[in-house]
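Counted the way our numbering counts, the sequence shown spans residues 20 to 298.
Every residue, glycine too, gets a C-beta built ideally from N, C-alpha and C.
Please read these numbers as outputs of a predicted model, since none were measured by experiment.
Note sheet for the following structure.
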Amino acid sequence: MSMGNFERKKIKGAFVVIKEIALNSSVGWSFVWPAILANALRSIIDATVFILIAITVYSNSGFTWSGISFPEYVLAGLFAGLMLSSSLTIPTGSLNFAYGMGELDVYLSLPYGVYPHVIGSLFYSYLVDIIYMITYLTIGCCLLGCWPNPLNVLYAFLIIVLGSLAVLGIGLLSSISYLRIHVKNPEPLTWIINLLVNLLTGYYFPISLLPRQLRFLTNLFPHTYVFKLVRFTLYGKGIPIGDLVTLAIMTVIILPIGILTYVKVIEHCEKKGVFLKWS
């Protein structure tokens with residue numbers, strides 16, 4: 020077989036793995052559509068519960084943020100946060116899952132390594148996230164009686180995609196923990212970042228409620244800019260250009276560094292044997 024044919028077969032094989040993982044990555048389900056339908060049902064319940072809690076809080080407090088009611092504030096956060104969470108957790112979480120299922124050795128034996136598995140897992144997670152996002156927005160709008168302009172929804176989604184790329188860079192960077200721990204163990208950096216994101220970036224409550232000493236930390240996370248931009252854009256309040264430029268700059272810087280770091284860490288782990296099931 021010529022080198023050209025081998026490379027073509029190698030690329031084709033990688034795409035097959037990506038497709039199969041993307042369509043069959045749900046834990047505990049044998050088929051993709053039952054898993055997707057189950058996730059859709061769960062998203063309906065989650066959205067209803069979150070929005071009703073926000074409505075209850077708002078009815079007692081009347082709290083608003085930049086002319087946005089608290090239920091609308093919560094709805095936009097739910098809509099924006101899903102893909103950001105996947106971007107952060109999947110780069111290392113997919114490796115932990117494959118290790119636990121005894122599949123990581125198989126991927127390592129393939130000529131294209133673990134990368135198609137990671138990419139496929141990311142695509143599947145995004146697919147489920149989009150189902151959740153549509154459900155959250157639909158349920159929220161029905162309960163609140165507010166229907167954003169479809170163009171605003173599109174702009175908000177594009178902002179989320181941009182922010183997801185920046186957060187993906189952070190997720191890839193978190194793989195540096197594998198230089199010190201085994202892949203079978205929980206990855207600590209992602210856990211810490213998730214904790215800080217929930218506390219500092221305006222997901223659950225406005226940043227203005229934080230102690231003054233902590234507010235400067237919010238600027239370190241792409242999530243902060245995504246949540247603000249999505250809330251303004253979704254409800255027709257305009258697009259804060261300064262925040263959009265900052266988010267774009269963060270993406271351009273963080274994502275390439277994350278990709279380079281991830282590749283180097285994977286190469287190191289392959290040489291040291293820390294990905295092997297029985298090492």
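{"Item": "Span separating the alpha-carbon of Leu214 from that of Arg234", "Value": "15 Å"}
{"Item": "Element boundaries [alpha helix (DSSP H), containing Met102]", "Value": "89 to 119"}
{"Item": "Contact with chain D by Phe246, beta-carbon distance below 8 Å", "Value": "The displayed structure is made up of one protein chain only, and chain D is not part of it."}
{"Item": "CA nearest to the CA of Phe240, picked from Thr220, Pro230, Lys247, Tyr254", "Value": "Thr220"}
{"Item": "Rounded separation between Gly96 and Tyr254 - CA only", "Value": "12 Å"}
{"Item": "In chain order, each alpha helix (DSSP H) run of at least 4 residues that lies wholly inside the region 130 to 181", "Value": "134 to 163"}
{"Item": "Cβ-Cβ distance between Thr209 and Thr280 below 8 Å", "Value": "no"}
{"Item": "Start-to-end residues for the alpha helix (DSSP H) that takes in Lys291", "Value": "260 to 291"}
{"Item": "Pairwise C-alpha distance: Ile149 and Phe176", "Value": "10 Å"}
{"Item": "Gly182 vs Pro110 beta-carbon contact at 8 Å", "Value": "no"}
{"Item": "Assumed close pair Ala59, Ile158 - CB separation to whole angstroms, cut-off 8 Å", "Value": "That pair is no contact at about 11 Å."}
{"Item": "Coarse secondary structure for Gly220, derived from DSSP in three states", "Value": "Note that residue 220 corresponds to Thr in the displayed sequence, not to Gly. If DSSP states are grouped into helix, strand and coil, Thr220 belongs with coil."}
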